[in-house]
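Residue numbers (my numbering): 3 to 216.
Structure (structure tokens):
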């Protein structure tokens with residue numbers, strides 16, 4: 003019992019792979035995803051700060067680093083399943099929360115328990131830091147799908163994931179960092195596409211046009 007078990011569990015996150023049950027050319031673990039999201043969060047928060055937003059850097063990093071730790075107990079659930087019904091998502095969150103709390107009560111010394119309860123709770127809220135995390139999470143998901151499509155993965159699920167991730171990102175288009183992602187980074191992405199990947203360009207341009215018409 004103690005922090006030793008917590009440190010030891012971090013290696014277990016390297017063995018939990020995202021999007022299970024689907025053929026992939028490149029596997030992505032929950033641990034690698036957390037690192038990538040933290041890196042993306044850092045950039046998005048930098049853009050927000052550059053545009054006059056008061057970023058709580060401690061909070062934004064804590065949210066990013068810890069946002070998927072609960073998957074240690076539940077594993078990764080396919081995105082279409084997880085979001086099939088609002089009630090299902092709510093129940094799944096309750097299970098994650100319950101198992102995380104049980105773990106904290108069992109393994110964490112009482113003096114550290116309260117602060118880690120806050121760190122392990124759902125970080126995607128309406129705060130600036132919560133919105134940055136939500137966008138960064140979807141950006142990494144988009145890039146995972148994009149990578150599989152580039153490699154020629156015939157699984158249609160990756161086009162669906164790409165579309166759903168970009169749709170979610172566009173919903174935050176009022177944020178300066180999201181506008182930068184759409185106007186600069188996404189533009190760079192689709193401009194490097196070759197003929198065999200024109201479908202990804204078509205999906206992207208269709209969703210961006212819809213956003214402009216809202």
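Virtual Cβ for every residue (Gly too), placed ideally from N, Cα, C.
Secondary structure note for residue 182: its alpha helix (DSSP H) is the uninterrupted segment 178-182. By the criterion of a C-beta distance shorter than 8 Å, residue 59 is surrounded in its chain by 47, once the five residues flanking it on both sides are discounted. At a Cβ-Cβ threshold of 8 Å, residue 98 and residue 106 do not count as neighbours. Rounded to whole angstroms, residue 146 and residue 57 show a C-alpha spacing of 27 Å. Residue 18 is a Cβ neighbour of residue 31, given a cutoff of 8 Å.
Contact between residue 213 and residue 175 holds, since their C-beta atoms are separated by about 6 Å, short of 8 Å.
Within the same chain, and ignoring the five residues on either side of residue 50 in sequence, the residues whose Cβ sits closer than 8 Å to its Cβ are 57, 130, 134, 177, 178 and 179. When only Cα atoms are considered, residue 144 and residue 132 end up about 19 Å apart. Per DSSP, the beta bridge partners of residue 31 are 19.
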